[in-house]
Amino acid sequence: MKKALTLALALMGSGAFAAPYVLPAAWMAQSPTEAKAGGEFRSYTISDYKTLNPFTSAEADSLPTIMGGPAGLFNQDPTNDKFVPVMADALPTVSNGGKRFVVKIRQGMKFSDGQAITADDWITTFKLHTDDKVGSNSYDNFFLNDKPITVKKLDTYTLQFDFPSVSASALNRMSYTPWPDHVFGPVYKSKGADGIKAMWGISSTPSAIVSPGPWVISSYQAGQRAVLKKNTYFGEWFKDGANKPLPYLDSVSFTIVKDLNAGLAAYLAGQIDTFGASKADDLAQIKKAIDAGNLKATLVPNVGPNSTSSWIVFNWNKAGDATKQKLFRDVRFRQAMSHIANRQAMIQLALGGLGSEVYSGVYPVFKNYQYASTPTYKYDLAEATKLLNQMGYTKKNSDGYLVDKAGKVLEFNLTTNSGNNVREQLGQIFRDEAKKVGVKVNFTPVDFNTLVGQLLAKGADRPFDAILLGLSGGDNIWPYGSNVVPCGGNLHAYNVPSDGKCLNAQENLMTKLYYQGDQTLDDDARRKIGEQLSKVEGQNLGFIYLVATNYHVTFNNRVGGEYKRNLWDSYYGSRPAYGLTTFIK
Amino acid sequence: MLPFLLRRLVQAVPTLLLSSLLIFFVISLAPGDFLTPAKLNPNISAQQLDNLTRNFGLDKPLVQQYLLWMRNILHGDFGLSFSFQAPVLQIMWPRIVNSLWLVLVITVVFYGLAIPIGVFGAVRQNSLGDRSVNVFMYFLLGFPSFFLALIALYFLLQIIFATHWAIPIGGMTSPDHASMSAGGKVWDVFKHLLVPGILLGIHQTAGLSRYVRALMLEVMNSDYIRTARAKGVSESSAIWKHTFRNAILPIVAGIGGELPGLISGAGFIEVVFAYPGITPMLLDALNAQDLYLIAGFTMMTTILLIAGNAISDILLAFVDPRVKLG
């Protein structure tokens, strides 16, 4: 009641509602006038949904994420990666040397239960995410090097964020989804973190769930299907280029299939509208069905690389084996190993031709952070032999393997996680190529958890030689991993001594450049730092990057609302996320 | 009867205790824990990992975790699933019910086919019919069920392409299930159950029909059947009343053992047909090392196994006058 009163007063004060957010028509393949309202978009997911609670949810494509959709202060423009205000009325006013951001909230926005969205909702959401007893996955979002970010309410529609240091990811960190204070606030006050954790489980009644975003849960059947219905209040402030409310659809459904084959079968049978094809075989089946006229769908293979890559890392902390430690720490050895990696063969044989070569820690999909100046050590066996010769490996034994002066064979163990067919093939290709220059690679897949334990081990004598694995995710604002690049990070996997110290000048420089870029607000200046960082990374070759899988798009022709073709990539997708502009023709 | 049940109950206590120990520690023996994949995420800090480890109780010694779990179980609480952050029973129950429906269809198909086929094989031993059924059954036995399901899926798709019939090829309900009438809902679920149910029913028939055939043959050659026949008992009476009743005793004895099978679901066929039963959930849980979900479900099956065996014994006492409880 009190909230309603302050709201009424605030509305009287401001006089009128602010203008709605308008999604630019220029981004879209079809004109907004072609879009029809209503209907259901049928999607799928390969794992069961775990919860409706935005504070305990841990998966990437969780129901709270979909419900919230683009509800957040800012969002990125797919044409130039810049942030644009969404729930904010305008870009923030920056002061205090780039550490204080004052944000005006767009007025007139409502939750799915009709209650106004105000500064209190951001404050409560912030409190819950930063309570370590709640265990929110977004916890890290509100800390910079363990120092907390603070958020304060200046008035009903104004927020003030204070950062402990300048941060390139500031706007991103502020763009969290505000969940209703009037639902979570009272529970948190009376029952604390445990009360919050017990809320909004997967079997909660849909009517109890309140969303600020385009969707709200309509029904959920364990292991079968989640159906989300449109939050009509969302369209009041989120419009398309013709000023029509979004989303167009009445509902989206997610059928849960445990197995991708079941998903493919459902797609081929026309029972779902899209499929995330990743294997050559899947693409072939879809193409065959389209060509035979059995499936009326669009298929665009090889749109671009995915934001993931596989790599080989050598262990620099092998006190127990001085020869290997010296070998792995020698940059010429690592260059030689990069020359041995036959990335084209990996793409053709392991990925069925559907992949891209990778030479840097930044996934190739982040185009703004790819530089011609980054050194690449491409497939070149002659060059590899030359480097190994320089290191003293000039003679081969009767088996054809290089030996040092003492007659010791140049060999190491390479592991990857068993069961991952692609990685197993990558490792085999690497081993076969290495043999050609006389390097003996003992390649064995081991259990995933054992492997992770080895990779993350700390100290002077870590229990592995070399590991083939991959990482994924991240964003295009400052696309270097905070615990991968700087020394001391637990994924700085090549050198993890107990004290977390750097070993060489390049690591020191990388650590410095990482933090420098992370604390640079200006996009162009940051990209320049990125260029330096990429160069040092390439010279250091802590990770030897191999290949990335490619992103493919396919959808049923009965749906429209995709981006213009030139905007498609694996980061932004082929259409605005969460079915915002998708419509049934 | 009562002393028998009481004795069984007392015997069950050490059995359950020992199996709970085994379940819990064997699961914990696997390297890594629920948070291992999170450790490979470049976006999660070490501090956050510590928070989660503490919140999930993974920082406590294993023995303490076990004792806590045991105490909760005695209070009827199987613990919280890590990935769902919800009580294990609440997660398992809808899946068990779903699996139950599928398994019931399978069981009906299974007994409905296996017994007549087995009896036929025994009565017409080595006839052309018997031999061809045998060959077909051997053929089926050789296929893993999930492979059979994949082949069936392929043919179903071809039928859909050719005829454009809306045959359900996965899941348990149609997208518009919620808006159907009560009768429509039942029919909708039944349609979804039919293909996987028949498929697995037929697949399992291969084993049981051969068992029935062997049991029948053994009894048919016994003296009292010969005596009955000699006394002029009709053929059908000799087969069904005298032979069959005695031959199925071992099968009746085994029915109780099917009880945990009822809730364990239909295995990989559920995965291939995207059926929301227990197997896909259990696979997810194993994959994620969701300790309490796996342990809770395994405990449930153990309890049912013990109960099922007791039921078996009671049933056997009813069917076989030679067996006495007490």
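So the sequences go chain by chain: A and B. Position 484, counted from 1, in the first sequence is what my numbering calls 479; the numbers after and before it change by one each time, with no gaps. Position 250, counted from 1, in the second sequence is what my numbering calls 1234; the numbers after and before it change by one each time, with no gaps. Virtual Cβ for every residue (Gly too), placed ideally from N, Cα, C.
Compute the Euclidean distance between the alpha carbons of residue i and residue j, then round it to the nearest angstrom.
{"i": "N392/A", "j": "T1285/B", "result": "59 Å"}
{"i": "N408/A", "j": "D456/A", "result": "15 Å"}
{"i": "L4/A", "j": "Q102/A", "result": "With a pLDDT of 45 at L4/A, under the threshold of 50, the modelled position of this residue cannot be trusted, and the question is left open."}
{"i": "W22/A", "j": "G34/A", "result": "23 Å"}
{"i": "A221/A", "j": "A314/A", "result": "53 Å"}
{"i": "W563/A", "j": "N297/A", "result": "11 Å"}
{"i": "A1014/B", "j": "I1278/B", "result": "13 Å"}
{"i": "K186/A", "j": "V89/A", "result": "37 Å"}
{"i": "I1262/B", "j": "N499/A", "result": "53 Å"}
{"i": "Q1074/B", "j": "M62/A", "result": "23 Å"}
{"i": "L349/A", "j": "H177/A", "result": "49 Å"}
{"i": "S57/A", "j": "L446/A", "result": "27 Å"}
{"i": "L154/A", "j": "G468/A", "result": "29 Å"}
{"i": "M1200/B", "j": "G1245/B", "result": "25 Å"}
{"i": "I1186/B", "j": "F1131/B", "result": "14 Å"}
{"i": "L278/A", "j": "G271/A", "result": "10 Å"}
Near residue i, which residues of its chain fall below 6 Å by C-beta distance, leaving aside the five closest residues on each side in sequence?
{"i": "T380/A", "result": "V432"}
{"i": "G356/A", "result": "E532"}
{"i": "N535/A", "result": "Q501"}
{"i": "N1043/B", "result": "The residue asked about is misnamed: residue 1043/B is Asp in this sequence, not Asn. Answer for D1043/B: T1037, listed in chain order."}
{"i": "V1089/B", "result": "L1177 and G1181"}
{"i": "G1240/B", "result": "G1292, N1293, I1295 and S1296"}
Once the 5 residues before and after residue i are set aside, which same chain residues still bring their CB inside 8 Å of it?
{"i": "F137/A", "result": "F121, H124, T125, P143, I144 and R168"}
{"i": "P240/A", "result": "T227, F229, G230, E231, F233 and K234"}
{"i": "Y509/A", "result": "Y475, S477, V480, P481 and L528"}
{"i": "N91/A", "result": "D157"}
{"i": "A572/A", "result": "G64 and P65"}
{"i": "L2/A", "result": "Confidence at L2/A is low in this model, with a pLDDT of 47, below 50, so its placement is unreliable and the value that follows should be read with caution. These residues qualify, in order along the chain: A111, T113 and T151."}
{"i": "L421/A", "result": "S305, M341, A345, T411, L463, L541 and V542"}
{"i": "S198/A", "result": "Y215 and A217"}
Which residues bound the beta strand (DSSP E) around residue i?
{"i": "S305/A", "result": "T303 to F309"}
{"i": "D157/A", "result": "T153 to D157"}
{"i": "H547/A", "result": "V542 to N551"}
{"i": "P300/A", "result": "A292 to P300"}
{"i": "K224/A", "result": "R220 to K225"}
{"i": "E352/A", "result": "G350 to E352"}
{"i": "Q600/A", "result": "Here chain A covers residues -4 to 580 and nothing more, so residue 600/A does not appear."}
{"i": "Q216/A", "result": "W210 to Q216"}
At which residues does the alpha helix (DSSP H) containing residue i begin and terminate?
{"i": "E419/A", "result": "N416 to V432"}
{"i": "W1085/B", "result": "V1072 to V1107"}
{"i": "I979/B", "result": "It is not possible to answer for residue 979/B, since the shown part of chain B is limited to 985 through 1310."}
{"i": "A317/A", "result": "A317 to R324"}
{"i": "L255/A", "result": "L255 to L263"}
{"i": "L1033/B", "result": "A1030 to N1039"}
Please return the same chain residues whose Cβ sits closer than 7 Å to the Cβ of residue i, not counting the five positions on each side in sequence.
{"i": "D72/A", "result": "V79"}
{"i": "F50/A", "result": "L123, H124, V129, S131 and I191"}
Return yes when the C-beta of residue i is under 7 Å from any heavy atom of the ligand HEM, and no when it is not.
{"i": "R522/A", "result": "This structure lacks the ligand HEM; in fact it carries no ligand of any kind."}
>> Give me the subset of the segment 45 to 61 of chain A whose CB atoms are less than 8 Å from a CB atom of chain B, sorted by chain position.
In response: K45, T46, N48, T51 and A53
>> Short of 9 Å Cβ to Cβ, which residues in the segment 217 to 241 of chain A face chain B?
In response: A217, G218, Q219, R220 and V222
> If contact means a Cβ-Cβ distance below 7 Å, which residues of the segment 1237 to 1258 of chain B contact chain A?
Replying inline: V1255, V1256, F1257 and A1258
> Mind listing which residues of the segment 445 to 469 of chain A have their C-beta closer than 7 Å to chain B's C-betas, in chain order?
Replying inline: T445, V447, G448, L451, L466, G468 and G469
> Which residues, in chain order, does the segment 250 to 261 of chain A contribute to contact with chain B at a C-beta distance below 8 Å?
Replying inline: T250, I251, V252, K253, D254, N256, A257, G258, A260 and A261
> Of the residues that make up the segment 1007 to 1021 of chain B, which ones have a beta carbon closer than 9 Å to any beta carbon in chain A?
Replying inline: A1014, P1015, G1016, D1017, T1020 and P1021
> Any residues in the segment 1048 to 1068 of chain B with a beta carbon nearer than 8 Å to a beta carbon of chain A? Which ones, in chain order?
Replying inline: S1067 and F1068
> Is the segment 1257 to 1271 of chain B in contact with the segment 41 to 51 of chain A, if contact means three or more CB pairs nearer than 8 Å?
Replying inline: yes
> Between the segment 204 to 220 of chain A and the segment 157 to 175 of chain A, are three or more C-beta pairs nearer than 8 Å?
Replying inline: yes
>> If contact is defined by three or more beta carbon pairs under 8 Å, each pair taking one atom from either stretch, is the segment 1190 to 1198 of chain B in contact with the segment 1089 to 1105 of chain B?
In response: yes
> What residues in the segment 537 to 557 of chain A have a beta carbon less than 7 Å from any beta carbon of chain B?
Replying inline: none
> In the segment 1141 to 1152 of chain B, which residues sit with their C-beta less than 7 Å from some C-beta in chain A, listed in chain order?
Replying inline: L1141, I1144 and F1145
>> By the 9 Å beta-carbon criterion, what residues does the segment 165 to 179 of chain A contribute toward chain B?
In response: none
> Okay, do the segment 293 to 311 of chain A and the segment 532 to 549 of chain A touch, 3+ Cβ pairs below 8 Å being the bar?
Replying inline: yes
> Can you list, in chain order, the residues of the segment 184 to 196 of chain A whose Cβ is nearer than 8 Å to any Cβ on chain B?
Replying inline: K192 and G196
> Should the segment 1127 to 1145 of chain B be called in touch with the segment 1176 to 1188 of chain B, which here means at least 3 C-beta pairs below 8 Å?
Replying inline: yes
> Residues in the segment 467 to 488 of chain A with C-beta within 8 Å of chain B's C-beta atoms, listed in sequence order?
Replying inline: G468, G469, G476, S477, N478, V479, N485 and L486
>> For the segment 1254 to 1261 of chain B against the segment 565 to 579 of chain A, do three or more pairs of beta-carbon atoms, one drawn from each stretch, fall closer than 8 Å, so that the two count as touching?
In response: no
> For the 8 Å Cβ check, are there 3 or more pairs between the segment 1215 to 1228 of chain B and the segment 1148 to 1164 of chain B?
Replying inline: no
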